[in-house]
Amino acid sequence: MSLVRRRPFLPGALLSALLLATPMLAAAQQDTPRHRLDVQAQTELQVVPDEATLSARLWERTPAIAQRDDTKTDAKALAKARQRLEERAATLIQTLEDAGLERDAISAGSLRVQPESLQGKREGESKPTPMVRTRLERPFQIEITDLDDLPMMLDALTEAGVNALDGVTYDLSDREQATDEALTKALEKARHKAELMAQTLGVTLGPVINVSESRSPVFQPRMMAMSADAARESAGSGPEYRPGTITLDAMVNVSWEIASEQ
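In the working numbering, the protein residues as written are 786 to 1047.
And the structure:
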């Protein structure tokens, strides 16, 4: 008895797909350069800030009362504390305007109401009586477009009697220009590295076949903490405030085709 080998049978649709894919695969292999040079470049850009934001807070408190008596909020005490707070806020804004700041550069935040717990005084052998009061607070942000005005504005804030200075945030008026410059420097560094490598290896660079931004320039405003007490101590003494620099990082990946060997 003879055995007959049968060729494997392929469905017509699958066979047609394979026949169509063969020339496409060959074309893709021809389009992909056999020799390429891949470069990764990272750069740091140091930028001097040209504007700043001052953050400050004003607050007033109601009289402390025993916690057991705090069954309901004392409306009159809250109203008086709020009136004192609003009067101080108006004085603060007027002081800053008298110092040369535009009203649009002053941003007053929403009123915050927060209960505070206190430890009462001990009377004899008895335990201290828990006390409670309410703090009414309003935050402020002051935009400064000329850093030379920063010491004067700090003096104005301390003159107005702010309760807290949360610090200075330094920034750039044109962030886009700085990020563009950081990206440009990263690309220039990538080309320099590629040309150096090609010259050392004795090859000629062809066109760029791929470029990607592996890390976008990250912009982080620089913050400087400051307490209200420290600002009051330095007021009038002509302190020098140095904003330092802001660092932007950028990273790119670039691939060149190797045209030929020298």
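Ideal placement from N, C-alpha and C gives every residue a C-beta, glycine not left out.
In chain order, what residues of the same chain lie with their CB nearer than 6 Å to the CB of residue i, ignoring the 5 residues before and after it?
| i | result |
| --- | --- |
| Ser726 | With the chain covering 786 to 1047 only, the question about residue 726 has no answer from this structure. |
Hey, how far is the Cα of residue i from the Cα of residue j?
| i | j | result |
| --- | --- | --- |
| Pro936 | Val953 | 11 Å |
| Val917 | Ala967 | 54 Å |
| Asn951 | Thr838 | Reading the sequence as shown, one finds Asp at residue 951 and not Asn. Distance between the alpha carbons of Asp951 and Thr838 is about 10 Å. |
| Thr876 | Leu896 | 16 Å |
| Ser1040 | Asp940 | 55 Å |
| Val824 | Leu1033 | 20 Å |
| Arg976 | Tyr955 | 33 Å |
| Arg873 | Val898 | 16 Å |
| Ile1031 | Gln984 | 35 Å |
| Ser999 | Thr964 | 14 Å |
| Val1037 | Val996 | 7 Å |
| Ser1001 | Gln962 | 14 Å |
| Met982 | Arg821 | 12 Å |
| Gly946 | Ile927 | 15 Å |
| Ile1043 | Ala826 | 19 Å |
| Pro848 | Leu932 | 40 Å |
| Pro861 | Leu830 | Looking at the sequence itself, residue 861 is Lys, so the reference to Pro does not match. Approximately 56 Å between the Cα atoms of the pair. |
Who are the Cβ neighbours of residue i in its own chain at under 7 Å, not counting the five residues just before and after it?
| i | result |
| --- | --- |
| Thr828 | Ala967, Lys970, Ala971, Lys974, Ala1035 |
| Glu944 | Thr880 |
| Glu882 | Arg888 |
| Lys978 | Val824, Ala826 |
Judging by CA-CA distance, which residue of the options is the nearest neighbour of residue i?
| i | options | result |
| --- | --- | --- |
| Arg869 | Asp931, Arg846, Ala884 | Arg846 |
| Leu863 | Trp844, Ile878, Thr880, Glu928 | Trp844 |
| Ser902 | Ala893, Thr919, Leu886 | Thr919 |
| Asp934 | His820, Arg1027, Phe925, Asn1038 | Arg1027 |
| Thr930 | Arg976, Ala949, Ala890, Ser997 | Ala890 |
| Val832 | Glu871, Pro992, Leu957 | Leu957 |
| Leu942 | Pro992, Leu981, Ala884 | Ala884 |
| Glu887 | Glu980, Met938, Asp835 | Met938 |
| Pro900 | Glu882, Gln852, Ala979 | Gln852 |
| Pro834 | Arg960, Ala826, Lys978 | Arg960 |
| Glu836 | Ile1043, Gly1029, Pro848 | Gly1029 |
State the start and end residues of the unbroken alpha helix (DSSP H) segment that holds residue i.
| i | result |
| --- | --- |
| Gln868 | 860-883 |
| Thr943 | 935-944 |
By the DSSP assignment, the beta strand (DSSP E) with residue i in it spans what residues?
| i | result |
| --- | --- |
| Gln971 | Before going on, a small fix: residue 971 reads as Ala here, not Gln. Run containing Ala971: none in the beta strand (DSSP E); it sits in the alpha helix (DSSP H), 960-986. |
| Ala826 | 821-832 |
| Leu843 | 836-846 |
| Pro924 | 915-929 |
| Pro900 | 897-904 |
| Asp951 | 949-956 |
| Ser892 | 891-893 |
Which same chain residues, not among the five before or five after residue i, have their C-beta less than 8 Å away from its C-beta?
| i | result |
| --- | --- |
| Ile850 | Asp859, Met916, Val917, Arg918 |
| Ala893 | Ala874, Ile878, Arg923, Pro924, Phe925 |
| Glu980 | Leu990 |
| Ile994 | Pro818, Arg821, Ser1040, Trp1041, Glu1042 |
Determine, using beta carbons only, whether residue i comes closer than 8 Å to chain B.
| i | result |
| --- | --- |
| Leu863 | Here there is only one protein chain, and chain B is not present. |
Between residue i and residue j, how many whole angstroms is the CB-CB distance? I'm expecting something under 8 Å.
| i | j | result |
| --- | --- | --- |
| Leu921 | Ala866 | 5 Å |
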